[in-house]
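Colleague: In order, the protein sequences belong to chains A and B. Counting along the first sequence from 1, when you hit position 32 you're at 303 in our numbering, and nothing is skipped either side. Counting along the second sequence from 1, when you hit position 47 you're at 318 in our numbering, and nothing is skipped either side. I'd like to ask some things about the structure below.
There are 2 protein chains.
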Amino acid sequence: MGFTYKYARPALTADCVVFGLDEEDLKVLLIQRDLEPFAGMWALPGGFVAVGEAIETTARRELLEETGLKNVFLEQLHTFSEPDRDPREHVVTVAFYALVNLSEHKVQAATDARNAAWFAIDDIPKLAFDHEKILKVAYERLKGKIRYRPIGFELLPDKFTLSHLQLMYEKILDRELDKRNFRKKILNMEIIEELNEIETDVAHRAARLYRFNKKKYDAKVKEGFDFEL
Amino acid sequence: MGFTYKYARPALTADCVVFGLDEEDLKVLLIQRDLEPFAGMWALPGGFVAVGEAIETTARRELLEETGLKNVFLEQLHTFSEPDRDPREHVVTVAFYALVNLSEHKVQAATDARNAAWFAIDDIPKLAFDHEKILKVAYERLKGKIRYRPIGFELLPDKFTLSHLQLMYEKILDRELDKRNFRKKILNMEIIEELNEIETDVAHRAARLYRFNKKKYDAKVKEGFDFEL
DNA sequence: ACAAAAGTGTTTGTTGTACACCCATGC
DNA sequence: GCATGGGTGTACAACAAACACTTTTGT
């Protein structure tokens, strides 16, 4: 049995770099491989593309199967095709990056029998295949894109304080921002709306909550607005 | 004979959107298909990935075979994987975009027995497969990227006048720029160098020639410089 | 009352934008 | 000498950056 083709074909996979943010760090979701090659080693979640399946579908399917995540922000990153990136044979992988908010997808760890865990971005173990390279490309992309597309909100809960928003940017861009200038700028964009709610359970003055208004953003984009931090 | 695998695999191809610039327009290089499906129709140059070959290598190989182009600027664009994008079977394609300067790669037309020709960006014929979609994505990428990476120089000859440079940006961004402000900005970047040469064969005052200094650009990037038009 | 973070404006420097005329050359 | 594009500077507006204190709440 099997499938026969006139010419040899590389295998095709999808891999995902899943970023999450908690109070301390930007984190990445990894799974521990149970099969050779690299059994026992940490790797990006991912798997083989089925014929008839769009690769983004593969990516979402594998994410769900391996980590329990669904309905996340997912975007294609780059396709890696070096013939020796997998020791078995030529495997081409289409890499994606995903953004999830850790407080709502808490420690999705151990699912499936496989071991899954979040690692701080600057405390990543050795990874299988060329996954370190893929992760690096993904992080660079995130750093770049977050400045001119409002994707950072995907890392936060639906309702957030301006301090959380600022902290998110500081974590990812890896530099400090001025509080007053930041607030002035983000509020002037008029794409996040002030809610009549404040945070709870904090041991100091509670901050006002805000929400990203995608409709308003889309409308402004149509009229030439450019998000830029 | 043939190659047999345990699980079915999609076929893998590379396709290239080649942009070129002449005095009038931004152009795209297309080839006329000689085989089914879509025989006789215009399409992006491209072809099947060989096992053991990085996909960028496939893209360059196909470009050379089908259009005679080599040593061009080439960058990965996106991977298209909708199962029905090829009527024969599931074919996943990794799309690239290339930038060449038309004055040095003039009418690379008819090579190979295949028919190749340049088409103005807003006068593209119906294309095979989903190539119109790929072209659209490539054009959007070019428009976006040209504003924050110095890739536009790839579309010009080595030595160019400031007017040519400006015209290139105007053609691609599809809007007019102010001559004085443009010159001020681009010269202040100190990444193009003034040559002791002027253009020839023009029926008016000859303009000074300039050249992009990649070394200077790279050095400035290392110190935090950001190209932005 | 104290600790912790929220919230708030002004000044100064830098960058972007709008705008019009003289100059050099080929025909 | 005329047509064609080359080359140049200034004034004003908008935006970015730097900076410190008062307010609110929980313990």
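Glycine included, each C-beta is placed from N, C-alpha and C at the ideal position.
1) Below 7 Å on C-beta distance, what does A325(A) contact in chain B?
2) For L315(A), would you say it is in contact with chain B, using Cβ-to-Cβ distances shorter than 8 Å as the test?
3) Residue range of the beta strand (DSSP E) that G415(B) falls in?
4) Given a threshold of 16 other Cβ atoms within 10 Å of its Cβ, counted over all protein chains shown, does N467(B) qualify as buried or as exposed?
5) Using only alpha-carbon positions, find the residue among I417(A), S374(A) and M460(A) that is nearest to N484(A).
6) With distance defined between alpha-carbon atoms, name the residue in H361(B), A325(B) and E353(B) nearest to D347(B).
7) In three-state terms, what does DSSP make of D286(B)?
8) Return the residue from the list A399(A), P281(A), P421(A) and F367(A) that minimises the CA-CA distance to D497(A).
9) Under 7 Å Cβ-Cβ, which residues of chain B neighbour T275(A)?
10) Along the chain, which unbroken stretches of the alpha helix (DSSP H) at least 4 residues long are found entirely within the segment 324 to 399 of chain A?
11) Counting only C-beta atoms, is F367(A) closer than 8 Å to chain B at any point?
12) How should S352(A) be labelled, buried or exposed, when 16 other C-beta atoms within 10 angstroms of its C-beta is the threshold for buried?
13) So is K341(A) buried or exposed if we call it buried at 16+ other beta carbons inside 10 Å?
14) At a Cβ threshold of 8 Å, is R331(B) touching chain A?
15) Taking 8 Å as the cut-off, does the segment 315 to 331 of chain B touch the segment 280 to 294 of chain B (at least 3 CB pairs, one atom from each stretch)?
16) Going by DSSP, what residue range makes up the alpha helix (DSSP H) through E441(A)?
17) Considering only residues of the same chain and omitting the five flanking positions on each side of R304(B), which have a CB-CB separation below 7 Å?
18) Which complete alpha helix (DSSP H) runs does the segment 469 to 495 of chain B hold, if anything under 4 residues is left out?
19) Could you give the first and the last residue of the continuous alpha helix (DSSP H) run that contains I457(A)?
20) Would DSSP call L315(A) helix, strand or coil?
21) If the cut is a Cβ gap below 8 Å, which residues of chain A does F344(B) touch?
22) Under the three-state reduction of DSSP, which class applies to F274(B): helix, strand or coil?
23) Let me check understanding here. Comparing Cα to Cα, which of K414(B), D429(B) and R385(B) lies closest to S374(B)?
24) Give me the Cα-Cα distance between K450(A) and L500(B), rounded to the nearest whole angstrom.
25) Report, in whole angstroms, the separation of the C-beta atoms of R280(B) and R280(A), which I expect to be a contact under 8 Å.
26) At a CB distance below 8 Å, what residues from the segment 276 to 301 of chain B approach chain A? Give them in sequence order.
27) Could you check how far apart the C-beta atoms of W389(A) and G291(A) are, in whole angstroms? I think they sit under 8 Å.
28) Report yes if the C-beta distance between A387(A) and L433(A) is below 8 Å; otherwise report no.
29) Grouping DSSP H, G and I as helix and E and B as strand, with all else coil, what is L300(A)?
30) So, at 6 Å on beta carbons, what are the nonlocal neighbours of A391(B) in its own chain, with the 5 sequence-adjacent residues on each side left out?
31) Drop a sphere of 10 angstroms on the beta-carbon of P316(A), count the other beta-carbons inside from all chains shown, and report buried for 16 or more, exposed for fewer.
32) Taking Cβ to Cβ, would you say I462(A) is nearer than 8 Å to K491(A)?
33) Measure the C-alpha to C-alpha separation of V289(A) and V371(A) and round it to an integer number of angstroms.
34) Quick check on Q437(A) - is its C-beta less than 8 Å from some C-beta in chain B?
35) Note down the Cα distance separating E336(B) from K277(A), rounded to an integer number of angstroms.
36) Note down the Cα distance separating A409(B) from F367(B), rounded to an integer number of angstroms.
Modeller: Taking the coordinates as given:
1) S352, E353 and P354
2) no
3) First-last for G415(B): H402 to K416, but that is the alpha helix (DSSP H), not the beta strand (DSSP E).
4) exposed
5) M460(A)
6) According to the sequence shown, residue 347(B) is Gln rather than Asp. That would be A325(B), whose Cα lies nearest to the Cα of Q347(B).
7) strand
8) P421(A)
9) G273, F274 and T275
10) 326 to 338
11) no
12) buried
13) exposed
14) no
15) yes
16) L433 to L444
17) A310, G311, M312, A314 and A399
18) 485 to 493
19) K450 to N459
20) coil
21) Neighbours of F344(B) on chain A: none; closest Cβ ~17 Å, over 8 Å.
22) strand
23) D429(B)
24) 28 Å
25) 5 Å
26) Y276, K277, Y278, A279, R280, P281, A282 and L283
27) 6 Å
28) no
29) strand
30) D296 and K298
31) buried
32) yes
33) 7 Å
34) no
35) 21 Å
36) 8 Å
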